[in-house]
Amino acid sequence: MAGHSKWANIQHRKGRQDKKRGKLFTKLIREITVAARIGGADVASNPRLRAAVDNAKSQSMPKDNIERAIAKGAGGEEGNALEEILYEGYGPGGVAILIECMTDNKNRTVAEVRHALTKHGGNLGTEGSVAYLFEQIGYISINDSKDPDDLMELGH
């Protein structure tokens, strides 16, 4: 915190909080937009959209932001076309990995995924190379956590 001015202290603290909240809202808006694009704009008939909206409401996202994201996903507003992509690969020691990504640029995302895998001793596989080994039973969402121990706890 800088100086002794109360406003300066509030300004620094509020700036950090707003940055964190903005990052969260961007992620929530992306999920709402994709859910509306895939299953339609009706919250009652689209369970994925309903879950995304409930999550956004629990994070205190304003109602107009939620409605704008639904309209964007349903085609009411033009914007970046987000899509989900599933990559298959092998991690260190030949461990099979499925990576689900939401992106507006496939080329950039595949390069980033390939780089992350090769950096840690893995490689990107072809379509169908490891998908047959998996049955989806859960979902792990990873934020920008710097502590590997925190990430390992998610898998237990």
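Add 271 to the 1-based position in the sequence shown for this note's numbering, that's all there is to it.
Idealized CB from N, CA, C, for every residue including glycine.
Remember, predicted model here, so these are calculated numbers, not experimental data.
- Between Thr304 and Ala340, the CB-CB gap stays under 8 Å.
- In this structure, DSSP gives Gly344 a helical state, which the three-state scheme calls helix.
- By the beta-carbon neighbour count (other beta carbons within 10 angstroms, threshold 16), Ile309 is exposed.
- Between the alpha carbons of Asn336 and Arg287 lies a distance of about 21 Å.
- For Met332, same chain residues with a beta-carbon under 7 Å away, outside a window of 5 residues either side, are Phe296 and Leu299 in chain order.
- The count of Cβ pairs closer than 8 Å, one atom from the region 398-407 and one from the region 368-375, reaches three, so the stretches are in contact.
- Residue environment for Asn378: exposed (fewer than 16 other C-beta atoms within 10 angstroms of its C-beta).
- The secondary-structure analysis by DSSP pairs Met373 across a beta bridge with Glu355.
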